[in-house]
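Residue numbers (the working numbering): 404 to 729.
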Ligand SMILES: [Zn+2]
């Protein structure tokens, strides 16, 4: 079954970026898979607008096809009753992928937010859980570099398949936080742990922690420590709520972490006209907010976005506590 779904196999020994076969895959799939070509045709009609907020700016994207993700029911009952759309045996007949390190499949996302948008899903139906697969986050970021950034949504804060382990990839620096993370005026160095720099972004309306370094093993160890500290602070055995972006450039990895306290804001659950369909995940926390409903795209203002970030981001004092433990 898996073999029939393969467009190609990626071997890191080939010394090429994973972006090369991935771009070739996308071009092939646009020709052979109708749902995907429709998805990309629709992407050319999305509208965007910049919204200056207090201390930062966000970009809104009116993207009606994202209703499948933003409106997805992710409670345990709904998940157990639907067919998993990332399992190899359930993929659409025309969908193909690139086998990555014998463990993951690089797939084109049929409801794209970006001009190239990939889902990298495990070939097995294993729950979304970063600790088991954090090493893959670093290898993927390097193998996809410099063209793409890899991101992860926790099972309780943005993943629309919380039951099937997956990452996503977007073109580098398209998510606003990636550029903002390079702005010297915003970067506050906290400490250095085993060669890894730990920083925070100032005046950003939500909590952001950066881990930067040249050694993926030390970075991975510190990321796992961060998650352990977050779990301790939240006194819960479940995976703490996190969105993570990871990129690799000039020999250095950068991990951007959004610690969360809530998935969907209260306005998401209002009825009728008052409901705002914003379901924050990595991309939205990173400053590119997807609004699948036109009324929301036209009406949301800075105060609403500031409130949503405040509501769903971990509190500053909680992040202070986590960082002290590193
Ligand atoms: Zn599955």
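Cβ coordinates follow ideal geometry from the N, Cα and C atoms, glycine included.
Where do the N-terminal and C-terminal ends of the alpha helix (DSSP H) with residue i fall, by residue?
i           : result
residue 672 : Run containing residue 672: none; DSSP gives neither H nor E here.
residue 443 : 437-446
residue 697 : 697-702
residue 519 : From DSSP, residue 519 is part of no alpha helix (DSSP H); its letter is neither H nor E.
residue 579 : 579-583
residue 722 : 719-727
residue 534 : 533-547
residue 482 : 479-484
residue 473 : 470-473
residue 685 : 685-688
Using C-beta distances below 7 Å, list every residue in its chain close to residue i, excluding the 5 sequence neighbours before and after it, in chain order.
i           : result
residue 619 : 541 and 656
residue 563 : 472, 475 and 477
residue 574 : 517, 518, 519, 550 and 551
residue 626 : 537, 614 and 658
residue 439 : 432, 433, 511 and 513
Ordered along the chain, which non-local residues of its own chain (more than five positions away) have a Cβ less than 8 Å from that of residue i?
i           : result
residue 576 : 552 and 582
residue 669 : 714
residue 491 : 404, 405, 408, 508 and 526
residue 420 : 546, 547, 548, 549 and 550
residue 690 : 459, 460, 461, 462, 578, 579, 580 and 583
I'd like to confirm the pairing. Which residues does DSSP put opposite residue i in its beta bridges?
i           : result
residue 600 : 595 and 615
residue 661 : 646
residue 693 : 464
residue 511 : 521
residue 406 : Paired residue(s): none; residue 406 is not in a bridge.
residue 502 : 412 and 508
residue 590 : 604
residue 655 : 652
So residue i packs on residue j, CB below 8 Å; how close in whole Å?
i           : j           : result
residue 603 : residue 612 : 6 Å
residue 664 : residue 716 : 7 Å
residue 688 : residue 557 : Not quite, the Cβ-Cβ distance comes to about 11 Å (not below 8 Å), so this is no contact.
residue 569 : residue 533 : With 8 Å as the limit, residue 569 and residue 533 do not qualify as a contact, their Cβ atoms being about 11 Å apart.
residue 446 : residue 499 : Not really, about 20 Å apart at Cβ, beyond 8 Å.
residue 461 : residue 565 : Between residue 565 and residue 461 the Cβ distance is about 25 Å, and since that is not below 8 Å, they are no contact.
residue 647 : residue 685 : 7 Å
residue 413 : residue 494 : That pair is no contact at about 18 Å.
residue 695 : residue 469 : 5 Å
Using C-beta distances below 6 Å, list every residue in its chain close to residue i, excluding the 5 sequence neighbours before and after it, in chain order.
i           : result
residue 572 : 521, 547, 551 and 553
residue 726 : 593
residue 607 : 459
residue 807 : The first residue shown for the chain is 404 and the last is 729, placing residue 807 beyond what the model contains.
residue 610 : 662, 716, 717 and 722
residue 649 : 540, 544, 553 and 658
residue 450 : 465
residue 590 : 602
State yes or no: is the C-beta of residue i nearer than 6 Å to some heavy atom of ligand 3?
i           : result
residue 729 : By its list of ligands, the structure shown excludes ligand 3, since it contains just ligand 1.
In terms of residues, what are the limits of the beta strand (DSSP E) holding residue i?
i           : result
residue 708 : Here residue 708 belongs to no beta strand (DSSP E); instead the alpha helix (DSSP H) covers 705-715.
residue 553 : 551-556
residue 569 : 569-574
residue 450 : 450-455
residue 413 : 409-413
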